[in-house]
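Colleague: Quick one: structure below, then a few questions.
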Ligand code: C2E
Ligand code: MG
Ligand code: MG
Ligand code: MG
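Numbering (the UniProt record's numbering), first residue to last: 288 to 579.
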């Protein structure tokens, strides 16, 4: 009967909850030595210019090669790592490994490209952040102008005074700064001018239905126009279809990143793409929408 079913359901629900919280606790414990055990891996997602079609950069995206559970994506462990603080060690490892990889590609004779890394709010608030970044660059003789640090809009707006100070310190090192997931936080376009931001990354939630949702289309076009007037480069993330790509070309967006061209892939895949000159096909005329 209904009551017994309800009882079963809630019982199974509790068991699921317990199992999941147990799993979370285990993962949180295992996160402690994850850097020392060498279980982190970087994959890289190409960023392409809508002006030339070439790969102009990559974003380093961390994965956890878990001995039992296989390759875990950031969504499975970054929030846990942020809770327990191990995110600082993870982000610092990612930074060093990204600098090492950037130089390895250079030494292999590949054309120079930008390397973007993600910083969590906690990493961004680190007292020794400036030294951490300077040391990572120096350790691999990496060009600071090729390193880009992505900070989410949310992290940036948590503490504006600190953000202004930290971004200024990072700019002194010569690195590029990028505002990630733009449009998802509480910031307005007006805030853009307050920070020494070089790049604005429009969040994929705006790109997803850009072709069918006039409001999001308008937001994207306004963001591109305003960012460019402020002298910033605009990247659209999560570009999956040819229609989205063409819309972004017509909107004068600078760069794209997304499954339309490639997901995040291992370093040797990026090397192969660069060697083979893989690029976006921009030969199609920039057709104005027939309905316009
Ligand atoms: P993000 O920085 O906004 O990175 C973009 C995410 O969108 C990546 O997921 C990427 O694989 C995914 N993506 C790219 N193109 C497409 C597309 O066309 N369609 C769809 N549906 N998804 C696309 P991923 O690798 O799972 O990373 C998720 C988030 O985890 C990142 O979002 C970033 O906030 C965080 N993260 C990744 N690596 C690091 C890291 O080293 N440190 C920190 N603190 N956070 C990281
Ligand atoms: Mg990012
Ligand atoms: Mg993003
Ligand atoms: Mg995102």
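Cβ atoms here follow ideal geometry from the backbone N, Cα and C, with glycine treated the same way.
Who are the Cβ neighbours of residue 552 in its own chain at under 7 Å, not counting the five residues just before and after it?
Modeller: 330 and 331, listed in sequence order.
Colleague: Around the C-beta of residue 292, are 16 or more other C-beta atoms found within 10 angstroms, so that it is buried, or is it exposed?
Modeller: Confidence at residue 292 is low in this model, with a pLDDT of 48, below 50, so its placement is unreliable and no value can be given for it.
Colleague: Please say whether residue 335 and residue 567 have beta carbons closer to each other than 8 Å?
Modeller: The answer is yes: Cβ separation under 8 Å.
Colleague: Does the beta-carbon distance from residue 437 to residue 465 come in below 8 Å?
Modeller: Taking 8 Å as the Cβ cut-off, residue 437 and residue 465 qualify as a contacting pair.
Colleague: Is it true that the segment 506-523 meets the segment 347-359, where meeting means three or more beta-carbon pairs spaced less than 8 Å apart?
Modeller: With a cut-off of 8 Å, the segment 347-359 and the segment 506-523 do not count as touching, because too few Cβ pairs lie within range.
Colleague: Look at the Cβ atom of residue 524, then the Cβ atom of residue 544, and state whether they are nearer than 8 Å.
Modeller: Cβ distance < 8 Å, so residue 524 and residue 544 count as in contact.
Colleague: Which class does residue 292 belong to by DSSP, given the choice of helix, strand or coil?
Modeller: Low local confidence applies: a pLDDT of 48 at residue 292 is under 50, so the model's placement there is unreliable, with the coordinate-based value given in what follows. The answer is helix: DSSP assigns residue 292 an H, G or I state.
Colleague: Look at the Cβ atom of residue 365, then the Cβ atom of residue 410, and state whether they are nearer than 8 Å.
Modeller: Taking 8 Å as the Cβ cut-off, residue 365 and residue 410 do not qualify as a contacting pair.
Colleague: Note down, in chain order, each residue of its chain lying with its Cβ closer than 7 Å to the Cβ of residue 532, except the 5 sequence neighbours on either side.
Modeller: Excluding sequence neighbours, residue 532 sits near 526, 543 and 547.
Colleague: May I ask you to check if the CB of residue 467 is nearer than 7 Å to at least one heavy atom of ligand 5?
Modeller: Among the ligands modelled here, namely ligand 1, ligand 2, ligand 3 and ligand 4, ligand 5 does not occur.
Colleague: Here's the rule: buried if 16 or more other CB atoms are within 10 angstroms of the residue's CB, otherwise exposed. What is residue 491?
Modeller: Buried.
Colleague: Please classify residue 489 as buried or exposed, where buried requires at least 16 other C-beta atoms within 10 Å of its C-beta.
Modeller: Residue 489 comes out buried.
Colleague: Quick one: residues in its chain with C-beta nearer than 7 Å to the C-beta of residue 378, no 5 flanking neighbours on either side, listed in chain order?
Modeller: Cβ neighbours of residue 378 beyond the five flanking positions: 406, 407 and 410.
Colleague: Taking all protein chains shown into account, do 16 or more other C-beta atoms lie within 10 angstroms of the C-beta of residue 371, making it buried, or fewer, making it exposed?
Modeller: Its Cβ having fewer than 16 others within 10 Å, residue 371 is exposed.
Colleague: Select from 469, 539, 456 and 478 the residue whose C-alpha is nearest the C-alpha of residue 447.
Modeller: Taking only the C-alpha atoms, the option nearest residue 447 is 478.
Colleague: Closer than 7 Å by C-beta to residue 573: which residues in its own chain qualify, once you throw out the five before and the five after it? Chain order, please.
Modeller: If we look at residue 573 and ignore the five residues flanking it on each side, its Cβ neighbours are 536 and 537.
Colleague: Measure how close the beta-carbons of residue 403 and residue 316 come, nearest whole angstrom, since I'm counting them as under 8 Å.
Modeller: About 30 Å; that fails the 8 Å criterion.
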